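Structure first, commentary second.
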Amino acid sequence: MTQPLQLGLSVAIVAVTGGTPRVVTVRSGFTVPEDHRRGDEPLPHRDALPGAPFEPDRFRTLQDGVRAVAEGLSGLALRYVEQLYTFGDRYRDPHELFGGPRSVVVGYLALVRDGPLGGEASAEWRDLYDHFPWEDWRDRRPPLLDTVIAPALGGWIASAPDEGTRLRRAERAQMAFGLDGADWDMERVLERFELLYEAGLVVEAFRDRDLAGRVDPSVGAGGPMPRALGRPMARDGRRILATALERLRGKLRYRPIVFELLPPTFTLHQLQLVVEALSGERVHKQNFRRLMISGGFVEPTGQFESQTGGRPAELYRFRRQAIHERTSAGAIPSADGLG
């Protein structure tokens, strides 16, 4: 008999508040069925991305559906919406393990201007880097990389069953995490999370194996529950969120997407904070300002913001013409080009 298939929608709604990139989360309602629980221990609820099954009779397009779902759960008007990828790994939704339908979800990225949430009661803002603390290099190289991640990956590499696998694991870890003097590539966000999952170093890897073992006793227990490397998410929420952050960082290089996160007028300092928040890296203040103005991305409004606690800061606005003028050039210079 053909297994039923459920098509769902999931969206990473991102805003930047000051210098903090934030994402909207809701609470996951999944609990382990009673006949598969161990004692009376339910699986803890986790943060989840807003999402729902797609209703084909209600919505003409997937994007119509994701806007309705996201705006209904968050109470926010979405400004920019982009489809990311289709996620359909078996058992990505744990309900499938216990007789539910096979789940395929279309992931989206949505950008909004910061504001209070007015939708579902469980919706709340989370610091995006709470989920990926190793991705924030704005102040320094995250200590977590050297104190926890590098040693743990070293153990995973050493446990490889043969020399070829050991060398492949070592190369992947070096390239993804900038180990042993390799450069850090800010765009390898998804690759880094997938590597941590494969190595059994994130809570989701332990959780998924534990759930599978409740249904199929042949699935080994694996190692102990790892320490929480970042805030876990329900289902494959962190995989979708990693894809969204990677897409955002990639687009910083060729499309002025950051302006979707800013008010109509803004200071150059506010613009710089948004770029740094998304890239996870600092930029050189004077070079950044010079390139924003000379590159034609912004234009002065002739007005000043007086509530800065010091010298009034000039207000700028985004030049919409820049979208057409820079179709083949980089939109926002990367942090390494502004050092």
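Heads up, the sequence shown is in this note's numbering, so the first residue is 625 and it goes up one at a time.
For every residue, glycine included, the Cβ atom is placed at its ideal position computed from N, Cα and C.
None of the values given here were measured: they were computed from a predicted structure.
C-alpha gap between residue i and residue j, whole angstroms
{"i": "Trp808", "j": "Ile773", "result": "14 Å"}
{"i": "Asn911", "j": "Ala734", "result": "29 Å"}
{"i": "Gln630", "j": "Pro677", "result": "7 Å"}
{"i": "Gly743", "j": "Leu697", "result": "5 Å"}
{"i": "Gly963", "j": "His908", "result": "With a pLDDT of only 49 at Gly963, under the threshold of 50, the placement of this residue in the model should not be trusted; the figure read from the coordinates follows. So the two alpha carbons sit approximately 5 Å from each other."}
{"i": "Val839", "j": "His719", "result": "11 Å"}
{"i": "Leu741", "j": "Ser634", "result": "18 Å"}
{"i": "Pro766", "j": "Trp758", "result": "6 Å"}
{"i": "Ile917", "j": "Arg943", "result": "10 Å"}
{"i": "Pro856", "j": "Phe830", "result": "11 Å"}
{"i": "Glu870", "j": "Glu900", "result": "14 Å"}
{"i": "Leu827", "j": "Gln945", "result": "A small correction: the amino acid at residue 827 is Val; Leu does not occupy that position in the sequence shown. Answer to the nearest angstrom: the Cα atoms are 46 Å apart."}
{"i": "Ala672", "j": "Val690", "result": "15 Å"}
{"i": "Asp786", "j": "Ala797", "result": "17 Å"}
{"i": "Gly724", "j": "Asp770", "result": "41 Å"}
{"i": "Gly904", "j": "Gly642", "result": "14 Å"}
{"i": "Tyr704", "j": "Gly919", "result": "23 Å"}
{"i": "Pro628", "j": "Leu915", "result": "53 Å"}
{"i": "Leu803", "j": "Ala692", "result": "43 Å"}
{"i": "Leu708", "j": "Leu876", "result": "16 Å"}
{"i": "Gly812", "j": "Ala866", "result": "For clarity, residue 812 is Arg in the given sequence; the question names Gly instead. Each residue's Cα considered, the two are about 9 Å apart."}
{"i": "Arg862", "j": "Asp751", "result": "13 Å"}
{"i": "Arg833", "j": "Pro674", "result": "24 Å"}
{"i": "Arg906", "j": "Val647", "result": "21 Å"}
{"i": "Leu768", "j": "Gly824", "result": "16 Å"}
{"i": "Gly788", "j": "Gly805", "result": "22 Å"}
{"i": "Ala745", "j": "Arg651", "result": "10 Å"}
{"i": "Arg762", "j": "Gln896", "result": "12 Å"}
{"i": "Gly779", "j": "Asp760", "result": "24 Å"}
Residues of its chain near residue i, where Cβ-Cβ distance is below 7 Å and the 5 sequence neighbours each way are ignored
{"i": "Glu815", "result": "Ala800"}
{"i": "Val898", "result": "Val640, Val882, Leu885, Leu886"}
{"i": "Ala784", "result": "Arg790, Arg793"}
{"i": "Glu748", "result": "Thr649, Leu741"}
{"i": "Gly699", "result": "Leu741, Gly742, Gly743"}
{"i": "Met810", "result": "Arg873, Ser903, Gly904, Glu905"}
{"i": "Arg941", "result": "Pro888, Thr889, Val922, Glu923, Thr925"}
{"i": "Phe928", "result": "Pro936, Ala937, Glu938, Leu939"}
Residue i - DSSP class collapsed to helix/strand/coil
{"i": "Gly779", "result": "helix"}
{"i": "Asp840", "result": "coil"}
{"i": "Met810", "result": "coil"}
{"i": "Asp751", "result": "strand"}
{"i": "Ala823", "result": "coil"}
{"i": "Ser958", "result": "Any reading at Ser958 must be qualified, since the residue scores a pLDDT of 49, below 50, and its modelled position is unreliable; no value is offered."}
{"i": "Glu787", "result": "helix"}
{"i": "Asp671", "result": "strand"}
{"i": "Gln927", "result": "strand"}
{"i": "Ser952", "result": "Bear in mind that a pLDDT of 44 at Ser952, under 50, signals an unreliable position, so the number given afterwards is only what the model happens to contain. Coil."}
{"i": "Phe890", "result": "strand"}
{"i": "Ala745", "result": "coil"}
{"i": "Leu708", "result": "strand"}
{"i": "Val899", "result": "helix"}
{"i": "Ala734", "result": "strand"}
{"i": "Arg726", "result": "strand"}
Residues near residue i by beta carbon distance below 6 Å, same chain, minus five either side
{"i": "Thr626", "result": "none"}
{"i": "Ser930", "result": "Pro936"}
{"i": "Ala953", "result": "Any answer about Ala953 is weak, because its pLDDT of 48 lies below 50 and its placement is not dependable; what the coordinates show is given next. Correct list: empty, nothing qualifies."}
{"i": "Asp717", "result": "Ser727, Arg859"}
{"i": "Phe756", "result": "Gly854"}
{"i": "Ala776", "result": "Leu825"}
{"i": "Thr951", "result": "Below a pLDDT of 50, predicted positions are generally treated as unreliable, and Thr951, at 49, falls in that range; the measurement from the model is reported next regardless. Result list for Thr951: empty, nothing under 6 Å."}
{"i": "Thr644", "result": "Asp751"}
{"i": "Arg1009", "result": "It is not possible to answer for residue 1009, since the shown part of the chain is limited to 625 through 963."}
{"i": "Glu706", "result": "Leu733"}
{"i": "Pro680", "result": "none"}
{"i": "Val638", "result": "Val647, Leu735"}
Paired residues, beta bridge with residue i - DSSP
{"i": "Ala676", "result": "Leu633"}
{"i": "Phe942", "result": "Val922"}
{"i": "Ala639", "result": "Arg646"}
{"i": "Gln910", "result": "Note: Gln910 sits in no beta bridge, so no partner."}
{"i": "Arg651", "result": "Asp671"}
{"i": "Ala937", "result": "Glu929"}
Residues near residue i by beta carbon distance below 8 Å, same chain, minus five either side
{"i": "Arg851", "result": "Val772"}
{"i": "Ile781", "result": "Arg790, Arg793, Ala794, Ala797"}
{"i": "Arg913", "result": "Leu892, Gln896"}
{"i": "Ala701", "result": "Glu695, Val736"}
Min CB distance residue i to chain B below 8 Å
{"i": "Pro850", "result": "Looking at the structure shown, chain B is missing, and only one protein chain is on hand."}
(request) Specify whether the region 678-695 and the region 882-896 touch according to this definition: at least 3 beta carbon pairs, one from each stretch, less than 8 Å apart. (result) The answer is no - the region 882-896 does not touch the region 678-695, with fewer than three Cβ pairs under 8 Å.
(request) Inspect the CB distances between the region 724-732 and the region 702-716 and report whether three or more fall short of 8 Å. (result) The region 724-732, when compared against the region 702-716, does touch it at the 8 Å Cβ threshold.
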